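In the numbering used here, the protein residues as written are 913 to 1057. Even for Gly, the Cβ is constructed at its ideal location relative to N, Cα and C. Just so you know, these numbers come straight off a predicted model, no measurement behind them. Reviewing the structure listed below.
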């Protein structure tokens, strides 16, 4: 089973792995990410760690013109979106938690908008952080069992 999470970003917003980790820490999420990571040249699997657990997700960044159909999912907020960052992962709770943690950092640092295609709804920053924490809790329980 493949999961997906989308973050729409306004024009001119970009960030690095170090900045994502710093913003995530400000939100109470401890992650490490390749400091060479940049939204300007990412495409594919990105390894990392979340709360000392090995994690990684597929990330794809597309300009609005490439994914107009996805941009429409953001509803009335779609007009300001210049790029869409898509996160993909399997059934792993830690990978899901990592995706939501990175998404939360992007929402906070880059004024992004999050959309959950599985639930067909936009998520606030608080909901995105809560989802990361919930999946991380499930990952810890899974590891303990």
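Please name the residue, chosen from 933, 1035, 923, that lies closest to residue 973 on a Cα-to-Cα basis. 923
Kindly indicate which three-state DSSP category residue 1047 falls into: helix, strand or coil? helix
For residue 977, does the count of other Cβ atoms within 10 angstroms reach 16, so buried, or fall short, so exposed? So residue 977 counts as exposed.
Are residue 999 and residue 939 closer than 8 Å when you measure CB to CB? no
Let me know the secondary structure DSSP gives residue 966 once reduced to three states. In the structure shown, residue 966 sits in a strand (DSSP, three-state: E or B).
Sequence ranges, alpha helix (DSSP H) only - wholly within the segment 933-965, length at least 4: none
So, helix, strand or coil for residue 977, using DSSP? helix
Element boundaries [alpha helix (DSSP H), containing residue 1007]: Here the alpha helix (DSSP H) through residue 1007 covers 1005-1022.
Three or more beta-carbon pairs under 8 Å between the segment 945-964 and the segment 1029-1040, yes or no? no
Assigned secondary structure, residue 1002 (DSSP; H/G/I helix, E/B strand, else coil): Three-state DSSP puts residue 1002 in coil, outside helix and strand.
For the candidate residues 980, 1008, 1020, whose alpha-carbon lies nearest to that of residue 966? 1008
Residue 922, DSSP secondary structure in three states: strand
Using the three-state DSSP reduction, which class does residue 916 fall into: helix, strand or coil? strand
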